[in-house]
Amino acid sequence: MKNELYPVNKLLSSFTIVFIFLLTSGCTPEQKQSTSEKKPDTNSTQTTIDPDSLYSIIMVGDMMLGTNYPSAASLPPDDGRDILSGAADILQSADVTIGNLEGTLLNSGGTPKVCQNPENCVAFRSPEHYAGYIKAAGFDMMNLANNHAGDMGDIGRKSTQSTLKKYGIEYAGQLTAPTAIFVKDGIKFGLTGFAPNTGTLSINDHTKAAEIVRALKKQCDIVIVAFHGGAEGSGATHVTRKREFYLGEDRGNCYLFAHDMIDAGADIVFGHGPHVPRGVELYKGKFIAYSLGNFCTYGKFGLSGNLGLAPILKLYITKSGDLSHGRIYPYKQIKRGFPVFDDDYGAVKLMKNMTETDFPETGIQISPDGKITKK
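Numbering (the numbering used here), first residue to last: 10 to 384.
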């Protein structure tokens with residue numbers, strides 16, 4: 010079976026990984042420079058709310074800025090220094106900005122993974138200094154719970170974590186780094202992530218996941234849960250409310266998982282894994298984004314049609330973690346993986362349609378220009 014998501018050469022490799030579970034991951038306070046948003050103004054969404062009483066959070070989907078494995082041919086031009094420049098103004102505008110890092114940060118070496126089906130097997134290894142581009146674009150935290158975190162074995166995992174730490178980016182979702190805390194103006198934002206993959210916190214063990222969320226909530230003002238789950242491909246835009254599989258792998262029941270995490274204390278849940286955007290939902294006042302698709306996935310990802318949609322989700326939440334309002338910025342990927350503003354608003358159209366189709370009972374609505382408001 011040919012994989013539409015990764016149209017690349019076959020890879021042969023092997024690796025063995027043993028990880029020790031740690032309960033928490035600390036951080037040092039970070040300060041982010043605020044910049045003006047040059048795209049549609051999110052503040053126009055709710056003019057009656059004092060913005061000083063709200064926290065702003067930005068989330069995006071999959072990020073893989075280019076890979077030097079198996080060769081440097083899959084690295085972006087000009088060493089990738091401008092790959093995120095088209096979105097930086099918006100990414101830098103929130104209290105905390107979070108992405109899902111697919112692959113590893115490792116200059117060379119590592120033990121490339123081996124897959125049961127080489128036709129669907131790819132491994133990503135990005136140069137370590139690419140973390141500097143991620144930081145400069147405005148990212149504060151990265152989820153590492155996904156199927157590519159172990160692409161280069163134990164060496165790759167360790168290098169990724171040490172490199173992110175070097176550049177001041179917090180990370181979570183690994184057995185060796187289950188949670189992270191980012192501090193902005195005295196407010197503690199906690200992140201944890203879950204996936205069905207080796208070396209990650211399991212999306213299929215809801216009891217253990219809930220324990221991690223409850224423990225993190227005791228330490229933080231706001232808790233954000235990321236997950237890698239659901240089927241993959243251009244046809245995987247719907248939330249089935251059932252257990253989903255891809256190539257025989259149990260990708261969890263995303264609907265039940267998201268609800269269970271909010272019941273355990275999460276304030277926001279956002280997903281990735283399908284490589285396409287999905288609908289959003291409001292549950293007990295808390296926001297769920299079931300998939301944010303591919304945001305910046307250079308060279309190795311299929312980006313045709315809805316696979317190339319790259320929404321930026323910006324939420325404003327109250328001090329108790331409830332949604333006030335938000336916005337979907339409709340980005341798309343061009344030139345093999347550069348995110349740029351989409352004048353056709355493709356991501357908004359798809360997410361609005363999926364929300365209305367899959368969650369007609371939900372308490373939020375999406376306007377044609379991407380505003381998210383409560384009904």
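A virtual CB, placed ideally from N, CA and C, is assigned to each residue, including glycine. Since this is a predicted model, take the numbers as computed values, not measurements.
>> Measuring alpha carbon to alpha carbon, tell me which residue in 239, 291, 329 is nearest residue 300.
In response: Minimum Cα distance to residue 300 is reached at 239.
> Per the contact definition of three or more C-beta pairs closer than 8 Å, is the region 309-319 in contact with the region 263-270?
Replying inline: With contact defined as three or more Cβ pairs closer than 8 Å, the region 263-270 and the region 309-319 are not in contact.
> For the candidate residues 268, 295, 289, 197, whose alpha-carbon lies nearest to that of residue 276?
Replying inline: The option with the nearest alpha carbon to residue 276 is 295.
>> So, under 8 Å CB-CB, residue 189 and residue 269 are touching, yes? Tell me the CB distance rounded to an integer number of Å.
In response: Not a contact, Cβ separation roughly 21 Å.
> How would you call residue 133, buried or exposed, if buried means at least 16 neighbouring beta carbons within 10 angstroms?
Replying inline: With 16 or more other Cβ atoms from the protein chains shown falling within 10 Å of its own Cβ, residue 133 counts as buried.
> By Cβ distance below 7 Å, which residues in the same chain neighbour residue 349 in space, the five residues on each side in sequence not counted?
Replying inline: 95, 340, 341, 343, listed in sequence order.
>> Do residue 382 and residue 371 count as a contact pair if the criterion is CB distance below 8 Å?
In response: It is not a contact, given that the beta carbons lie outside the stated cut-off.
> Which value, in whole angstroms, describes the spacing of the CA atoms of residue 164 and residue 291?
Replying inline: For residue 164 and residue 291, the distance between alpha carbons rounds to 40 Å.
>> Taking the alpha carbon of residue 152 as the reference point, which residue from 231, 71, 138 has its own alpha carbon closest?
In response: Among 231, 71, 138, the Cα nearest to that of residue 152 belongs to 71.
> Are residue 187 and residue 210 close, meaning C-beta to C-beta below 8 Å?
Replying inline: In contact: residue 187 and residue 210 (Cβ atoms closer than 8 Å).
>> Looking at the strands, I want to know which residues DSSP matches up with residue 101.
In response: BP columns for residue 101 are empty, so no partner.
>> Does residue 195 pass the burial test, meaning 16 or more other C-beta atoms within 10 Å, or should it be called exposed?
In response: That one is exposed.
> Using the C-alpha atoms, what's the distance from residue 309 back to residue 16?
Replying inline: Per-residue confidence for residue 16 stands at a pLDDT of 45, beneath the threshold of 50, marking its modelled position as unreliable; no derived number is given.
>> In whole angstroms, give me the CA-to-CA distance for residue 304 and residue 120.
In response: If I take the Cα positions, the gap works out to 26 Å.
> Can you list, in chain order, the residues of its chain whose CB lies under 7 Å from that of residue 252, leaving out five sequence neighbours each side?
Replying inline: Taking C-beta separations shorter than 7 Å and ignoring five residues to either side along the sequence, the partners of residue 252 in its chain run 259, 261, 262, following chain order.
> Excluding sequence positions up to five away, which residues of its chain have a Cβ less than 8 Å from the Cβ of residue 206?
Replying inline: Answer for residue 206: 154, 155, 156, 158, 159, 237, listed in chain order.
> Does the Cβ of residue 82 have 16 or more other Cβ atoms within 10 Å, making it buried, or fewer, making it exposed?
Replying inline: Burial call: exposed.
> Can you give the Cα-Cα distance for residue 65 and residue 137, rounded to whole angstroms?
Replying inline: Roughly 29 Å between the two C-alpha positions.
>> For a test of the three-state rule: what should DSSP assign to residue 44, helix, strand or coil?
In response: Low local confidence applies: a pLDDT of 36 at residue 44 is under 50, so the model's placement there is unreliable, with the coordinate-based value given in what follows. Here residue 44 sits in coil by DSSP.
> What residue from 224, 298, 345, 346 has the CA that sits closest to residue 361's CA?
Replying inline: The residue with the shortest Cα to Cα distance from residue 361 is 298.
> Which residues bound the beta strand (DSSP E) around residue 226?
Replying inline: Counting along the chain, no beta strand (DSSP E) covers residue 226; the unbroken alpha helix (DSSP H) around it starts and ends at 215-228.
>> I need the boundaries of the alpha helix (DSSP H) containing residue 364, first residue and last residue.
In response: Segment 355-367, the alpha helix (DSSP H) holding residue 364.
> With distances taken from CA atoms, which of 101, 231, 369, 337 is nearest residue 147?
Replying inline: The shortest C-alpha separation from residue 147 is found at 101.
> Taking the continuous beta strand (DSSP E) assigned at residue 305, which residues delimit it?
Replying inline: Residues 303-306.
> Any idea if residue 91 is buried or exposed, counting beta-carbon neighbours within 10 angstroms, 16 or more meaning buried?
Replying inline: By the Cβ neighbour-count rule, residue 91 is exposed, with fewer than 16 other Cβ atoms within 10 Å of its own.
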